[in-house]
Amino acid sequence: MVLTLAVLGSVAVATLPLWYLLVRAVGGLDRAASILGRPGFGTAALTSLALAVVVGAGALVVGTATAWIVGRTRLRGRRAWAVLLLLPLAVPSYVAAYGWVSLAPWFSGFWAAALVLVASTAPYVALPVFAALSRGEAGLEEVARSLGAGPMEVLRTVTLPAVRPAALAGTLLAMLYALSDFGAVAILRVDTLTRSVYASYSSAFDRTAAVLQSLVLIACAVVLVLAEQRLRGRTGSRVSTSVPRPVPAAGLPAAGRIAALALLVGTVVLSLAVPAVALVLRLLQGMRGGVDGGELVSALAGSAWVALLGTVLAVLLALPVAVVAARFPGRLSRIVEVASFSGHALPGVVVGLSLVFVTLNALPALYQSVAALALAYAVLFLPKAIGSSRAAIESVPVSLEHVSRASGRGPLATFVSVTARLSAPGIAAGALLVMVTAMKELPATLMLRPTGLETLATELWSRTEVAAYGAAAPYAVALVALAAVPATLLARGVRLPDLATTDGEVTR
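Following the working numbering, the numbering of the sequence shown begins with 3 at its first residue and continues without gaps.
As structure tokens, this is what we get:
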């Protein structure tokens, strides 16, 4: 009963923007045909969906391949590479896109946006794949090798099936991120539904058009979530039941080692080096005019405080949904999961407007409060917490919960003492992922922040809006540096398995 009420509460919060859109859409049904039939609308919708699919496929390949190289080959500096691969989480996609454009003004279009978004979202796949590789069953790989399978055959028949659920969960996040992104596609001049929604709200003041287009975005998100669920199937994360021991290292030929190193270096250069160089150049330009240290510190503190509140709320809302998805698979749990993911497909401005509507009409005390902004972060980034928590809970053997229940503990006590304790690292990883993303959120922050509260994102926006790029650079650098703290903790928390060679040597 408690779990049911908690799930209903989580779904109710997660679907607040959807109910707002439906209420507004009912009043504009007479205009639906003319709005959705506008020239360019179909192209924008197809572009959004195509971009999400391309980015998801790219993130799946890059994230899985780089995680496997670091987690299964004898690579020097494996821990450092793992950190570098996950640090792009700290770089907002709009900052990365601006970095590319500032260095190469000709850089624009669909494939440019796909490149930037793949570089920004590959860590969403690499992170759960790292976790899946670390808890994989070493014995299965040893058996495959003893039967004569080579490294690539072991990868295809044993390793990839084992990490498939984790990789698909990360891929879904990457696709939803691409579907809802506005900053990068706007800078790179790609006509997507998010740009059309923003134009309807901010330029034409046509909320009916924006609402109807947002509903199409949600429909695209539902298609992606259902596709991921179908691909994931009934296969849960595999859990090792043996004592942890070194995993056989995958031996690569000379050409394979060169290709693997090239992929790692290329990924780091595209996702980190290019934005870093651009930010440093702009920072040097901005320092000539001086920096207001008080404003910078105040914005930094505001970003950290609101992001922390949003993270706590997101985790609390995610846990009931994650438990249902992991422990009670079925049609109802899939519906709950899809509903919880709906907010992640919407631009931040839509979520912000929905909460403005709700707070003004139902909860006026929360209007333009820190609580309303934290709630917006929780709605926007709830799927990140659900995905990590679900995978972590799936990795806890159900038999341990049965033993706890048999000893007299109730469901809640069993969850706290067994499930939550064993899945805590995965839940914490999801929390860090929510925090690093919340620090970068811009549209919802602009709409919902209390008067007098500034964040690094809003200060950055206020300066770039008037083309003061040099003055904006210190805030961009501070934003990346602040987001790098949870991103680094997330990366350092990744457990890499020990690797064993044929002569018995162990690499850590």
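Just so you know, even glycine gets a beta-carbon here, dropped at the ideal spot from N, CA and C.
(message) Rounding to the nearest angstrom, what Cα-Cα distance links A211 and T123 in this structure?
(response) On the sequence shown, residue 211 is found 209 positions in, with the first residue counted as 1. On the sequence shown, residue 123 is found 121 positions in, with the first residue counted as 1. Taking the straight line joining both Cα atoms gives about 29 Å.
(request) Please classify M441: does DSSP put it in a helix, a strand, or coil? (result) In the sequence shown, counting from the first residue as 1, residue 441 sits at position 439. The answer is coil: DSSP assigns M441 none of H, G, I, E or B.
(message) Relative to the C-alpha of A430, which candidate in L23, T447 and A320 has its C-alpha closest?
(response) As a position in the sequence shown, residue 430 is number 428, starting the count at 1. Out of L23, T447 and A320, A320 has the C-alpha closest to the C-alpha of A430.
(request) Could you check which residue in G185, A186, G65 and S110 has the C-alpha nearest to that of L135? (result) As a working mapping, residue 135 is identified with position 133 in the sequence shown. Nearest option by C-alpha distance: G65.
(request) Assign P527 to one of two classes, buried (16 or more other C-beta atoms within 10 Å of its C-beta) or exposed (fewer than that). (result) Because the chain is modelled from 3 through 510, residue 527 falls outside the range shown and cannot be assessed.
(request) Would you give the residue range spanned by the alpha helix (DSSP H) that V131 belongs to? (result) Here residue 131 is taken as the residue at index 129 of the sequence shown, counted from 1. For V131, the uninterrupted alpha helix (DSSP H) run begins and ends at F112 to S136, by DSSP.
(request) Work out the CA separation of G268 and T68 for me, nearest whole Å. (result) By one-based count along the sequence shown, residue 68 stands at place 66. By one-based count along the sequence shown, residue 268 stands at place 266. About 11 Å.
(request) With V338 as the anchor, note down where its alpha helix (DSSP H) starts and where it stops. (result) Counting from 1 along the sequence shown, the entry for residue 338 is found at position 336. Taken as a continuous stretch (DSSP letters only), the alpha helix (DSSP H) holding V338 covers R333 to F343.
(request) Return the first residue and the last residue of the alpha helix (DSSP H) that Y369 is part of. (result) The residue you call residue 369 lines up with position 367 of the sequence shown. It is not in any alpha helix (DSSP H) - Y369 carries neither H nor E in the DSSP assignment.
(request) Count the other C-beta atoms from every protein chain shown that fall within 10 angstroms of the C-beta of F330, then say buried if there are 16 or more, exposed otherwise. (result) Along the sequence shown, read from residue 1 onward, the residue named residue 330 stands at position 328. Exposed is the label assigned to F330, since fewer than 16 other Cβ atoms lie within 10 Å of its Cβ.
(request) Mind the definition here: the segment 438 to 457 touches the segment 348 to 360 only if three or more C-beta pairs lie below 8 Å; say whether that holds. (result) Short answer: they touch.
(request) Can you say whether R240 is buried or exposed, counting buried as having 16 or more other CB atoms within 10 angstroms of its CB? (result) For the purposes of this step, residue 240 is taken as residue 238 along the sequence shown, with counting starting at 1. Note that R240 scores 49 on pLDDT, short of 50, meaning its location in the model is unreliable; the coordinates nonetheless yield the value given after this. With 16 or more Cβ atoms within 10 Å of its Cβ, R240 is classed as buried.
(request) Measure the alpha-carbon distance for G11 versus L219 and round it to whole angstroms. (result) Translated into positions along the sequence shown, residue 11 becomes position 9. Translated into positions along the sequence shown, residue 219 becomes position 217. Straight-line Cα distance between these residues: approximately 24 Å.
(message) Between G345 and L384, how many whole angstroms is the CB-CB distance? I'm expecting something under 8 Å.
(response) Numbered from its first residue, the sequence shown carries residue 345 at position 343. Numbered from its first residue, the sequence shown carries residue 384 at position 382. About 6 Å separates the beta carbons of G345 and L384, which is inside the 8 Å limit, making them a contact pair.
(request) Would you kindly work out how many angstroms separate the C-alpha atoms of A378 and G312, rounded to a whole number? (result) Sequence index remark: in the sequence shown, residue 378 carries index 376 (1-based). Sequence index remark: in the sequence shown, residue 312 carries index 310 (1-based). Each residue's Cα considered, the two are about 8 Å apart.
(request) Please name the residue, chosen from L51, A99 and L462, that lies closest to A280 on a Cα-to-Cα basis. (result) On the sequence shown, residue 280 is found 278 positions in, with the first residue counted as 1. The residue with the shortest Cα to Cα distance from A280 is A99.
(message) What does the alpha-carbon distance come out to for the pair A270 and A324?
(response) Residue 270 sits at position 268 when you count from the first residue of the sequence shown. Residue 324 sits at position 322 when you count from the first residue of the sequence shown. It is worth fixing the name first, because residue 270 is Val in this sequence and not Ala. Taken atom to atom, the span from the alpha-carbon of V270 to that of A324 is near 32 Å.
(message) Which of the three DSSP states is assigned to A106 in this structure?
(response) For the purposes of this step, residue 106 is taken as residue 104 along the sequence shown, with counting starting at 1. A106: coil per DSSP, three-state reduction.
(request) Tell me whether P94 sits in a helix, a strand or coil according to DSSP, three-state version. (result) Along the sequence shown, read from residue 1 onward, the residue named residue 94 stands at position 92. P94: coil per DSSP, three-state reduction.
(message) DSSP three-state label for V192, please.
(response) Stepping through the sequence shown from its first residue, residue 192 is reached at position 190. DSSP, read as helix, strand or coil, puts V192 in coil.
(message) Short of 7 Å in beta carbon distance, which residues of its chain neighbour L62, apart from the five on each side in sequence? Order them along the chain.
(response) Here residue 62 corresponds to residue number 60 of the sequence shown, with the count starting at 1. Within the same chain, L62 has close Cβ partners V127, A169 and T173.
(request) If I'm right that V118 touches S95 with Cβ under 8 Å, what's the distance once you round it to whole angstroms? (result) As a position in the sequence shown, residue 118 is number 116, starting the count at 1. As a position in the sequence shown, residue 95 is number 93, starting the count at 1. Correct: roughly 6 Å between the Cβ atoms.
(request) Ignore the nearest five residues each way along the sequence and tell me which others in L217's own chain have a CB closer than 7 Å to its CB. (result) Counting from one through the sequence shown, the residue named residue 217 turns up at place 215. Within the same chain, Cβ atoms closer than 7 Å to the Cβ of L217 are found at L23 and A27, the five residues on either side in sequence being excluded.
(request) Please state if the CB of A393 and the CB of P163 are separated by a distance shorter than 8 Å. (result) The sequence position of residue 163 within the sequence shown is 161, counting from 1. The sequence position of residue 393 within the sequence shown is 391, counting from 1. For the 8 Å CB-CB criterion, P163 and A393 do not form a contact.
(message) In this structure, how does DSSP classify E456 when only helix, strand and coil are distinguished?
(response) Taking the sequence shown and counting its residues from 1, the one referred to as residue 456 is at position 454. E456: coil per DSSP, three-state reduction.
(message) Quick check on the burial criterion: 16 or more other C-beta atoms within 10 angstroms. Buried or exposed for S50?
(response) Position 48 of the sequence shown, counted from the start, is the residue given in the question as residue 50. Buried is the call here.
(request) May I have the straight-line CA-CA distance separating P476 from L285, to the nearest angstrom? (result) Taking the sequence shown and counting its residues from 1, one reaches residue 476 at position 474. Taking the sequence shown and counting its residues from 1, one reaches residue 285 at position 283. It is roughly 6 Å from the alpha-carbon of P476 to the alpha-carbon of L285.
(message) Any beta carbon of chain D sitting closer than 8 Å to that of W21?
(response) You won't find chain D in this structure, because it holds only one protein chain.
(request) Report the rounded CA-to-CA distance for A8 versus L265, giving the unit in angstroms. (result) Looking up residue 8 in the sequence shown gives position 6. Looking up residue 265 in the sequence shown gives position 263. In a straight line, the C-alpha of A8 is about 44 Å away from that of L265.
(message) Can you tell me whether F330 is helix, strand or coil according to DSSP?
(response) The residue labelled residue 330 in the question sits at position 328 within the sequence shown. Judged by DSSP in its simplified three-state form, F330 adopts coil rather than helix or strand.
(request) Measure the alpha-carbon distance for T421 versus P399 and round it to whole angstroms. (result) In the sequence shown, residue 421 corresponds to position 419, counting from 1. In the sequence shown, residue 399 corresponds to position 397, counting from 1. Roughly 9 Å separates the two Cα atoms.
(request) Just tell me which of S36, R76 and V487 has its CA closest to the CA of A433. (result) Locating residue 433 in the sequence shown gives position 431, where the first residue counts as 1. Looking at S36, R76 and V487, the one whose alpha-carbon comes closest to that of A433 is V487.
(request) Compute the Euclidean distance between the alpha carbons of V358 and E461, then round it to the nearest angstrom. (result) Walking along the sequence shown from the start, residue 358 turns up at place 356. Walking along the sequence shown from the start, residue 461 turns up at place 459. The straight-line gap from Cα to Cα measures roughly 21 Å.
(request) May I ask which residues mark the beginning and end of the alpha helix (DSSP H) holding T17? (result) Here residue 17 is taken as the residue at index 15 of the sequence shown, counted from 1. No alpha helix (DSSP H) holds T17; DSSP gives it neither H nor E.
(message) Check whether the segment 333 to 340 and the segment 175 to 189 are in contact - that is, three or more C-beta pairs closer than 8 Å.
(response) With a cut-off of 8 Å, the segment 175 to 189 and the segment 333 to 340 do not count as touching, because too few Cβ pairs lie within range.
(request) Please report the Cβ distance between A201 and T457, rounded to the nearest whole angstrom; I am assuming they are in contact, meaning their Cβ atoms lie under 8 Å. (result) To locate residue 201, count along the sequence shown from 1; it is residue 199. To locate residue 457, count along the sequence shown from 1; it is residue 455. About 24 Å; that fails the 8 Å criterion.
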